[in-house]
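What follows is a single structure, written as structure tokens, with notes after it.
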Amino acid sequence: MADSHALDPTQQSLWRPLRLLQASMDADIARIYSEQQIYGLKPSFVMELLQLHAWGPMTIAELAESVHRTHSALSQKVAAMRTAGWVQTVVGEDARTRKVTLTDKARRVVGRLAVEWRATEAALADLEAEIPYPLSQVVTDIEQALERKSFHDRIAEKLAEDPTWG
């Protein structure tokens with residue numbers, strides 16, 4: 017029988033630790049919500065809730081643009097947020113448009129979510145000050161490298177070098 021580790025390329029992942037780190041930090045944020053009796057709120061919902069609070073009701077397209085996500089991704093997230101009771105959709109200026117708006121449940125906690133957002137950003141700044149190469153700098157450096165050559169082109173080059181690909 018072949019070694020399953022040799023057959024499974026997912027056993028090697030340079031970015032899995034980053035994904036796991038972010039999941040762990042999100043879990044800590046969720047714990048903060050739970051300690052404040054804010055139940056059923058995913059940290060991934062907060063940016064949209066804060067945007068809606070700051071700017072008022074928006075179409076899914078407007079909300080997607082404001083948080084730099086695709087319409088499809090935001091549509092799915094809005095559905096999950098609606099199911100959890102954080103947002104609702106209402107008829108827009110004309111009967112053809114729908115706007116996403118906060119529910120009373122969201123309005124009751126959105127002020128505290130803004131405070132948590134600022135505290136989280138301050139904690140991240142403290143954390144970055146402790147390490148020799150801040151993650152925000154890593155992101156900037158990667159973005160600049162990708163401007164020189166896209167990730168697509170980098171992957172395509174590696175695939176072109178592999179005779180089993182084509």
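Just so it is clear: in the sequence shown, position 138 is 154 by the numbering used here, and no numbers are missing. We treat Cβ as the ideally placed atom computed from N, Cα and C, and that holds for glycine.
From this set, the options, which residue's C-alpha is nearest residue i's C-alpha?
i, options, result
"A126", "D110, D157, W71, A141", "At residue 126 the sequence reads Val, which differs from the Ala that was named. The option with the nearest alpha carbon to V126 is W71."
"M97", "L129, K165, D110, G56", "G56"
"L118", "T99, W31, S29", "T99"
"V62", "V103, S29, D24", "V103"
In whole angstroms, give me the CA-to-CA distance for residue i and residue j.
i, j, result
"A39", "L140", "15 Å"
"V154", "Q53", "35 Å"
"G36", "G101", "The amino acid at residue 36 is misidentified as Gly; the sequence shows Leu. Distance between the alpha carbons of L36 and G101 is about 28 Å."
"E64", "V83", "7 Å"
"L68", "A161", "34 Å"
"R123", "T113", "23 Å"
"A46", "K58", "7 Å"
"W31", "K174", "18 Å"
"L129", "S60", "12 Å"
"F167", "D178", "17 Å"
"I147", "A138", "15 Å"
"R134", "W181", "47 Å"
"E109", "E51", "39 Å"
"R170", "D157", "16 Å"
"A66", "K121", "Strictly speaking, residue 66 in this sequence is Leu, with Ala absent from that position. The alpha-carbon atoms of L66 and K121 are separated by roughly 13 Å."
"A22", "A111", "57 Å"
"Y149", "S91", "36 Å"
Please return the same chain residues whose Cβ sits closer than 7 Å to the Cβ of residue i, not counting the five positions on each side in sequence.
i, result
"R85", "none"
"E132", "I48"
To which residues of the same chain is residue i closer than 8 Å at the C-beta, ignoring the five residues directly before and after it?
i, result
"H87", "I76, A77, A80"
"T105", "V94, R98, R114, K115, V116, T117"
"A89", "A80"
"R164", "none"
"A176", "G182"
If contacts are defined as beta-carbon pairs under 8 Å, then residue i and residue j qualify, I think. What distance do you get, rounded to the angstrom?
i, j, result
"P73", "V116", "6 Å"
"E144", "L151", "7 Å"
What residues in its chain sit with their C-beta under 6 Å from that of residue i, if we drop five residues either side in the sequence?
i, result
"D42", "P59"
Inset, instruction - Would you mind listing the alpha helix (DSSP H) stretches within the region 65-127 that are 4+ residues and don't spill past its ends, in chain order? - result: 76-82, 87-99
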